[in-house]
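For reference, the structure discussed in these notes is given below.
Residue numbers (mature numbering (1 follows the signal peptide of the UniProt record, and there is no 0)): -29 to -1, 1 to 431.
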């Protein structure tokens, strides 16, 4: 069987995680958790030789081959089961998932359709097959549009990141924090939209024009109107729009088939209280490299020119703008079927017209994600994610308005947990709980915030 060179973008990798979870959710024999995987494979192979007519032994052998990364071997083992005219439809479903993971979409679609034609296929498995067929249909189109809409409510203990100290510095002298500027809880309503479009150019290097549009509106319950004022106390109502577009391709389809890059253009604007707050534009370069079927490295470099609008509430607007750079690298590893572990490093550089606004920061984040069968009957696959992060920010000089002798240094800790519950093929429920704590050399910037976010998401 010829193995196609499917594009290994982070989106594809996430879909493959779903396919793995579907593949391993079938009712096969359980694997002894303490035995080394290779020993289990060898033992399962001996059992298939001793009892070639034992379908359960063959299915177990195929599952272990898939866990070890040998998808071609797992396919060969499962196809032997189809010699039995009464083979259960789950065999074709599992074959369809494996072909999908290899990028053989025509073979996958054929297996999935034949599984759906079998009346013995259960409702949960039928839903899984239909989900993958829809995704295959999108991936084989020349022009493809994907997207999602999210509507949610968030509650926060300190949305404006106000200091948790009772006194702060002004010109190096301690002053008491007014009650109006102490941390206050608030809720906000969020509406988000993301559209991803891909136009396949039909080249051997899998070249495609890839564009993304992201938009978000945040409306706080304590904030209303569009009048700007000096020393704004209430949180800002925000509206963000960002567009990126560029050419994604494989620079060496034969030498490095797992590598794809995308140089692209960037444009974004952010408004606060109905008025433009800042805008930026620039260039970016994204890249992804699939080390193997279970390991992906992706990252990118961005350069943006940031321009702040002149407003009554932004007196230093002319000094805040300037070039901004971002470098990010992420390693994602599939630990087991339905389980992902990723680690990401980010570095930021922001330059302005004043040294005490210039800053560099470094961030590290780790995320663990697990997909599993719903505890509710017919509930589809649930996904739980846990993450933690650390970010450090250093400013180039002291701000004389706060302390002329001490430059700002911040350390931010972040921890969170999220749960995704599918409601249908397109709708899902998202719940996230996160806590952020910032320790700073200047008491003005010590803060902590806990947020709870509940949203309904529609994917199309």
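Cβ coordinates follow ideal geometry from the N, Cα and C atoms, glycine included. Note that the structure is predicted; figures quoted are calculated from it, not measured.
Run of the beta strand (DSSP E) containing residue i, from where it starts to where it stops
| i | result |
| --- | --- |
| residue 145 | 144 to 147 |
| residue 221 | Note, residue 221: premise wrong, no beta strand (DSSP E); not H, not E. |
| residue 157 | 157 to 171 |
| residue 366 | 352 to 369 |
| residue 134 | It is not in any beta strand (DSSP E) - residue 134 carries neither H nor E in the DSSP assignment. |
| residue 190 | 179 to 191 |
Residue burial classification, residue i (beta-carbon count within 10 angstroms, cutoff 16)
| i | result |
| --- | --- |
| residue -3 | The pLDDT assigned to residue -3 is 33, lower than 50, so where the model puts this residue is not dependable; a value taken from the coordinates is nonetheless given after this. Looking at its Cβ environment, which holds fewer than 16 other Cβ atoms inside 10 Å, residue -3 is exposed. |
| residue 215 | buried |
| residue 47 | exposed |
| residue 431 | exposed |
| residue 373 | buried |
| residue 62 | buried |
| residue 159 | buried |
| residue 386 | exposed |
| residue -26 | Any reading at residue -26 is ruled out, since the residue's pLDDT is 36, under 50, leaving its predicted position unreliable. |
| residue -1 | With a pLDDT of only 35 at residue -1, under the threshold of 50, the placement of this residue in the model should not be trusted; the figure read from the coordinates follows. Result: exposed. |
| residue 267 | buried |
| residue 101 | exposed |
| residue 3 | Reliability of the predicted coordinates at residue 3 is poor, the pLDDT of 39 falling under 50, and the value obtained from them is presented with this limitation in mind. Exposed, by the Cβ-count rule. |
| residue -6 | Low per-residue confidence applies at residue -6: pLDDT is 44, beneath 50, and the placement is therefore not dependable enough to give any value. |
| residue 351 | buried |
| residue 275 | buried |
| residue 196 | exposed |
| residue 31 | buried |
| residue 13 | exposed |
| residue 354 | buried |
| residue 283 | exposed |
| residue 221 | buried |
| residue 370 | buried |
| residue -9 | For residue -9, the predicted model reports a pLDDT of 46, less than 50, meaning its position is unreliable; a value from the coordinates is still stated below. With 16 or more Cβ atoms within 10 Å of its Cβ, residue -9 is classed as buried. |
| residue 361 | exposed |
| residue 56 | exposed |
| residue 420 | buried |
| residue 337 | exposed |
| residue 424 | buried |
| residue 28 | buried |
Extent of the continuous alpha helix (DSSP H) to which residue i belongs
| i | result |
| --- | --- |
| residue 393 | Unbroken run through residue 393 is the beta strand (DSSP E), 378 to 393; no alpha helix (DSSP H). |
| residue 99 | 94 to 110 |
| residue 441 | Nothing in the structure corresponds to residue 441, since the chain is present only between -29 and 431. |
| residue 64 | 60 to 72 |
Cross-strand partners of residue i (DSSP beta bridge)
| i | result |
| --- | --- |
| residue 319 | 297 and 332 |
| residue 46 | Per DSSP, none; premise fails for residue 46. |
| residue 240 | 212 and 250 |
| residue 231 | 259 |
| residue 275 | 253 and 295 |
| residue 314 | 302 and 337 |
| residue 424 | 125 and 403 |
| residue 41 | BP columns for residue 41 are empty, so no partner. |
| residue 345 | DSSP lists no partner for residue 345. |
| residue 119 | 165 and 430 |
| residue 270 | 258 and 300 |
| residue 408 | 384 and 419 |
| residue 285 | 282 |
| residue 307 | 310 |
| residue 114 | 170 |
| residue 151 | Answer by DSSP bridge pairing: none, since residue 151 is not bridged. |
| residue 140 | 145 |
Distance between beta carbons of residue j and residue i, contact taken as under 8 Å
| i | j | result |
| --- | --- | --- |
| residue 171 | residue 183 | Not a contact, Cβ separation roughly 16 Å. |
| residue 426 | residue 123 | 3 Å |
| residue 301 | residue 265 | Actually they are not in contact, since the Cβ atoms of residue 301 and residue 265 sit about 15 Å apart, beyond 8 Å. |
| residue 377 | residue 412 | 6 Å |
| residue 324 | residue 295 | Contact doesn't hold; Cβ gap of about 13 Å is too wide. |
| residue 316 | residue 287 | The Cβ separation is near 31 Å, so there is no contact. |
| residue 52 | residue 44 | 14 Å between Cβ atoms; not a contact. |
| residue 253 | residue 270 | About 17 Å separates the two Cβ atoms, so there is no contact after all. |
| residue 209 | residue 189 | 4 Å |
| residue 381 | residue 136 | That belief does not hold up - the Cβ atoms of residue 381 and residue 136 are roughly 14 Å apart, past 8 Å. |
| residue 243 | residue 207 | 4 Å |
| residue 49 | residue 66 | 5 Å |
| residue 311 | residue 347 | Not quite, the Cβ-Cβ distance comes to about 23 Å (not below 8 Å), so this is no contact. |
Chain D contact for residue i (CB, 7 Å cutoff)
| i | result |
| --- | --- |
| residue 14 | The structure shown contains no chain D; it is built from a single protein chain. |
heavy atom of the ligand FAD below 6 Å from residue i C-beta
| i | result |
| --- | --- |
| residue 282 | Ligands are entirely absent from the displayed structure, and the ligand FAD is therefore not among its contents. |
Q) Is the stretch 105 to 118 close to the stretch 139 to 159, with three or more CB pairs under 8 Å? A) no
Q. How do the stretch 139 to 146 and the stretch 91 to 109 stand: do at least 3 beta-carbon pairs fall below 8 Å, yes or no?
A. no
Q.
Measuring CB atoms only, is the stretch 238 to 258 touching the stretch 267 to 281, in the sense that at least three cross pairs come out at less than 8 Å?
A. yes
Q.
Pairs of beta-carbons, one from the stretch 224 to 233 and one from the stretch 200 to 208, closer than 8 Å: are there three or more?
A. no
Q | At least three beta-carbon pairs within less than 8 Å, the stretch 173 to 181 to the stretch 128 to 140 | A | no
Q. Would you say the stretch 326 to 333 touches the stretch 79 to 88, given that touching needs at least three Cβ pairs under 8 Å?
A. no
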